[in-house]
Ligand SMILES: *[C@@H]1O[C@H](CO)[C@@H](O)[C@H](O)[C@H]1NC(C)=O
Ligand SMILES: *[C@@H]1O[C@H](CO)[C@@H](O)[C@H](O)[C@H]1NC(C)=O
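In mature numbering (1 follows the signal peptide of the UniProt record, and there is no 0), the protein residues as written are -43 to -1, 1 to 235.
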């Protein structure tokens, strides 16, 4: 455990002020299920051909995947959430080890569990620098050109799909962030065409989007001193940063003003979505 925490504190320090990028991740949920024996049906349902994140996106997917009841409940709960979600922004760069550790081992799993009450914004840029060059910008990254490429792929993904976080998680958790990009896109964001993504990465659009990340990062107050740099509801303090690094999950549950979801430990409801041995 101390090894893991060590990774989280392996910040990439710099005196440079960076930028940021943003994006909004909506979504998803429900952990569960295969065969729902509660319905008393002995027939096997059609096999479920949707990822868990899409199970509740339509009646068809909910029925096919045997989670209709859970989806109706979850939709009901969600539509009755009155409090604002806790906004978590991460300022990072694609090849910084501490960023990869935090994103893959803390932020992503927390978001999977608490997506109903938290909104994540990813801003890949971190300690990079930009220089204007005619109509464009030239970017210099702390971990070299490959890092700039990783930042750009992630930035374009964030612009092109609501599923970007899954793909970014896939990239950041693989051996080689850049080499894994294509297969991660194919598996986690199949709706994104690789060619269109590369057009963004190599073109003006990516350049402008990265400039927006730069401006967002430079606007941080206080300015970031290292990455991963976290803001909670737009605020960065040493205390919030430490809490986020140690247990973002606990922090988000405690900061959420509305009714706490079952994942926060508030509910003693009986879990019903098991796959029974028949
Ligand atoms: C859950 O809510 C979403 C968004 O409001 C809706 O599109 C979807 O059909 C609902 N799912 C079910 C199973 O009712
Ligand atoms: C994607 O970027 C374009 C500008 O290049 C912007 O107009 C659009 O709103 C962005 N879309 C999202 C979902 O961020």
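Even for Gly, the Cβ is constructed at its ideal location relative to N, Cα and C.
Quantities reported herein were computed from a predicted structural model and do not represent experimental measurements.
At which residues does the alpha helix (DSSP H) containing residue i begin and terminate?
| i | result |
| --- | --- |
| residue 176 | No alpha helix (DSSP H) holds residue 176; DSSP gives it neither H nor E. |
| residue 73 | From DSSP, residue 73 is part of no alpha helix (DSSP H); its letter is neither H nor E. |
| residue 54 | 54 to 59 |
| residue 236 | No information on residue 236 is available, as it lies outside the stretch -43 to 235 that the chain covers here. |
| residue 26 | 25 to 36 |
| residue 6 | Neither: residue 6 is in no alpha helix (DSSP H) and is coded neither H nor E. |
| residue 62 | Counting along the chain, residue 62 falls outside any alpha helix (DSSP H), and DSSP gives it neither H nor E. |
| residue 152 | 151 to 159 |
| residue 207 | 195 to 212 |
| residue 237 | Only positions -43 to 235 of the chain appear in the structure, and residue 237 is not among them; the question remains open. |
| residue 17 | 16 to 21 |
| residue 137 | Careful: residue 137 lies outside any alpha helix (DSSP H) and carries neither H nor E. |
Leaving out five residues before and five after residue i in sequence, what residues of the same chain have Cβ atoms less than 8 Å from its Cβ?
| i | result |
| --- | --- |
| residue 64 | 45, 47, 77, 205 |
| residue 142 | 114, 124, 149, 151, 154 |
| residue 191 | 44, 46 |
| residue 16 | 25 |
Going by beta carbon distance, what residues of the same chain come within less than 7 Å of residue i, once the five residues before and after it are set aside?
| i | result |
| --- | --- |
| residue 130 | 61 |
| residue 138 | 110, 128 |
| residue 217 | 210, 223 |
| residue 200 | 208 |
| residue 104 | 50, 51, 52, 98 |
| residue 88 | 94, 95 |
| residue 213 | 40, 43, 74 |
| residue 57 | 129 |
| residue 28 | -14, 12, 13, 19 |
| residue -21 | For residue -21, the pLDDT reaches just 33, beneath the cut-off of 50, and the residue's location in the model is therefore unreliable, although a value from the coordinates is still provided. Same-chain partners within the cutoff: 78, 79, 115, 121. |
| residue 67 | 205, 206, 209 |
Beta strand (DSSP E) containing residue i: first to last residue?
| i | result |
| --- | --- |
| residue 186 | 186 to 189 |
| residue 88 | 86 to 90 |
| residue 236 | For residue 236 there is no data in the structure shown, the boundaries of the chain being -43 and 235. |
| residue 45 | 43 to 49 |
Could you pull out every residue in the same chain whose Cβ sits closer than 6 Å to the Cβ of residue i, ignoring the five residues on either side in sequence?
| i | result |
| --- | --- |
| residue 121 | 114, 115 |
| residue 157 | 113, 163 |
| residue 240 | Because the chain in this structure spans residues -43 to 235, residue 240 falls outside the shown range and cannot be described. |
| residue 100 | 52 |
On the premise that residue j lies in contact with residue i, defined as a C-beta separation below 8 Å, what is that separation, rounded to the nearest angstrom?
| i | j | result |
| --- | --- | --- |
| residue 13 | residue 31 | 6 Å |
| residue 185 | residue 33 | Actually they are not in contact, since the Cβ atoms of residue 185 and residue 33 sit about 35 Å apart, beyond 8 Å. |
| residue 18 | residue 11 | 6 Å |
| residue 82 | residue 161 | At roughly 17 Å, the Cβ-Cβ gap does not stay under 8 Å, so residue 82 and residue 161 are not in contact. |
| residue 241 | residue 215 | Since the first and last residues shown for the chain are -43 and 235, residue 241 lies out of range. |
* **Sequence-ordered residues whose beta carbon comes within less than 5 Å of a heavy atom of ligand 2** => 116, 162
* Any heavy atom of ligand 1 nearer than 7 Å to the CB - residues listed -> 13, 14, 15, 16, 19, 25, 28, 29, 32
* Meets three-Cβ-pair contact criterion under 8 Å: the stretch 24 to 32 and the stretch 187 to 205 -> no
* Could you tell me whether the stretch 173 to 185 touches the stretch 144 to 163, where touching means 3 or more Cβ pairs closer than 8 Å? => no
* Assess, as a yes-or-no matter, whether the stretch 49 to 58 is touched by the stretch 98 to 118 under the definition of 3 or more beta carbon pairs within less than 8 Å. => yes
* Asked: Contact between the stretch 95 to 109 and the stretch 160 to 167: three or more CB pairs below 8 Å?
  -> yes
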